[in-house]
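What follows is a single structure, written as C-alpha cells, with notes after it.
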DNA sequence: ATAAGAATGAGAGGCGTTTTCATTCAGGGG
DNA sequence: CCCCTGAATGAAAACGCCTCTCATTCTTAT
C-alpha cells in the first residue's frame, strides 16, 4: 500500500520525474496499473478497481490522470476495435497486438521485419512516421477448441 | 442520377445481390460512396453530401445503411485515431493505411512482406486470424514543409 | 505554517452512434 | 395493377464514452 508521507516510493519518484505532482489519485492509479495481472485497462476498469479498494476517486479524475500519464510517457493508449480507449504501462519497448474476438485475450509481439518495412513504406510515401499500430484480430487457441 | 423505376442500375443490382431492398436512401448513399473523389468517409461526410444534393435522409438512416453495407461486405469500416468510424467501399483488395495527423490525408498500401509475416506470427501465437489492420500515423510531405 | 496555484469530485455537457416508435415504402400475391 | 405485410425510414430520445465546469481540497514552494 502506497503512503503519501514518509519514504519515497517508486511511484512517487516516477510521478515527480514526469513533472506531475504527487497526489493520492495518481499514486493509486499507478498502483493499479502496476499491480494488475492484465496489462490492458480501460478507464472503467481502473475506476472499478479503485472502487473495490474503497478509494473514492471520480471517473473524471481517472480519465484526466490516464491522459496525463499518456502525455508523460507513462502509459500508452490504444484504440482496439469498438472505439474506446485502452491503456497499458509503457515499458519503453514498442510492440504490436493480437486480440481474440471471442474472449478478449490480448497477446503482444514484436517483429523486426515488419518494423523495418513500415519505416521503409512511410518513407516511400513521403511521410514522417510518428506512430503506428498493428492490430490483428482472430480466435485464440483456447476459443478455437470450443 | 439514379432512378428507382426503369432500367436496372448498377447500384440496384449490387443491393439486390446483398439481399437488401432497393430503397432511395441506400441508392443515394451508394452513389455518394462511388462518386466522391475521396475514398474515406465518415457518416457525417455522407450525411452532409446528401444534404447538399437536397436529399432529406436522416443521419440515423446513414448510420444504419453504412452498418448494413458493412455486414454485406460493400464497405469496410476503419477506426482511425480519434475514435469515430470511417467507411470506404470494399474493393475486395486488402490494403493498409497511413494517415497524416495534420491534414487527415490517407494513403493506402499493400506490402507482401508484412502480410506474410502477420500470417506467420498469428500462427505462432496460436491464433486463427480473421482480420488485421495496420495504421501508421505521421506527417505527410505537404504538411512537413509548413 | 501559509499562501497560491494545481488537482479533485460531482455533475453537466459534448460528440458520435444507436435505439425507439410512429409513419412510409418496397415488392410479392392476388 | 393494386393491396397487404413486413421492412425501412425520419425524428427525437437515449446511449456510452469521454471532457469540461466549477466549487472545494490538497501540494508544495516559501
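Protein chains in written order, with the numbering used here: chain A, 1 to 146; chain B, 1001 to 1146.
The beta carbon of each residue, even a glycine, is placed where N, CA and C say it ideally should be.
For residue 73(A), the closest C-alpha among the options 127(A), 30(A) and 143(A) is that of 30(A). The C-beta of residue 103(A) has fewer than 16 other C-beta atoms within 10 Å across all chains shown, which makes the residue exposed.
For residue 131(A), there is no enclosing alpha helix (DSSP H); the residue is found in the beta strand (DSSP E) stretching over 128 to 139.
Rounded to whole angstroms, the gap between the alpha carbons of residue 1018(B) and residue 82(A) is 24 Å. Exclusion of the five residues before and after residue 1075(B) leaves 1033, 1066, 1069, 1087, 1088, 1089 and 1090 as the residues of its chain whose Cβ lies within less than 8 Å of its Cβ. Considered as a whole, the stretch 86 to 116 of chain A harbours 96 to 100 and 106 to 109 as its complete beta strand (DSSP E) runs of no fewer than 3 residues, in chain order. Here residue 1116(B) is exposed: its Cβ has fewer than 16 other Cβ atoms, across all protein chains shown, within 10 Å. Cβ atoms of residue 1135(B) and residue 95(A) stay farther apart than 8 Å, at about 15 Å.
The residues 132, in chain order, have a CB closer than 6 Å to that of residue 118(A) in the same chain once the five nearest residues on each side in sequence are set aside.
Under the three-state reduction of DSSP output, residue 1064(B) falls in the helix class. For residue 1039(B), the secondary structure class from DSSP, reduced to helix, strand or coil, is coil. With contacts defined as CB atoms closer than 8 Å, residue 1085(B) and residue 1077(B) qualify as a contacting pair.
Counting along the chain, the unbroken alpha helix (DSSP H) around residue 1017(B) starts and ends at 1010 to 1017.
Going by beta carbons, residue 140(A) and residue 1126(B) fall inside the 8 Å limit. No Cβ of chain A is located within less than 8 Å of the beta carbon of residue 1039(B). For the 8 Å CB-CB criterion, residue 97(A) and residue 108(A) form a contact. Interface criterion not met: the Cβ of residue 1028(B) is under 8 Å from no Cβ in chain A. For the stretch 1109 to 1121 of chain B, the beta-carbon criterion of a distance under 8 Å to any beta-carbon of chain A is satisfied by 1109, 1111, 1113, 1114, 1117, 1118 and 1121. The beta carbon of residue 63(A) sits closer than 6 Å to the beta carbons of 43 from its chain, once the five residues preceding and following it are set aside; these are given in chain order. Only 1079, 1081 and 1083 from the stretch 1076 to 1091 of chain B bring a Cβ to less than 7 Å from some Cβ of chain A. Taking a C-beta cut-off of 7 Å against chain B, the contacting residues of the stretch 121 to 145 of chain A are 121, 122, 125, 126, 127, 128, 129, 130, 131, 132, 133, 134, 135, 136, 137, 138, 139, 140, 141 and 144, listed in chain order.
Interface flag for residue 59(A) against chain B is unset, since no Cβ pair is found closer than 8 Å. Annotated as proximal: residue 1128(B) and residue 138(A), with beta-carbon spacing under 8 Å. The secondary-structure analysis by DSSP pairs residue 1078(B) across a beta bridge with 1086(B).
When Cβ-Cβ separations below 8 Å define contact, residue 107(A) makes contact with chain B. The contact set of residue 1098(B) on chain A, defined by CB atoms closer than 7 Å, consists of 122, 125 and 127 in chain order. Apart from the 5 residues on each side of it in sequence, residue 49(A) sits with its Cβ closer than 6 Å to the Cβ of 32 in its chain, given in chain order.
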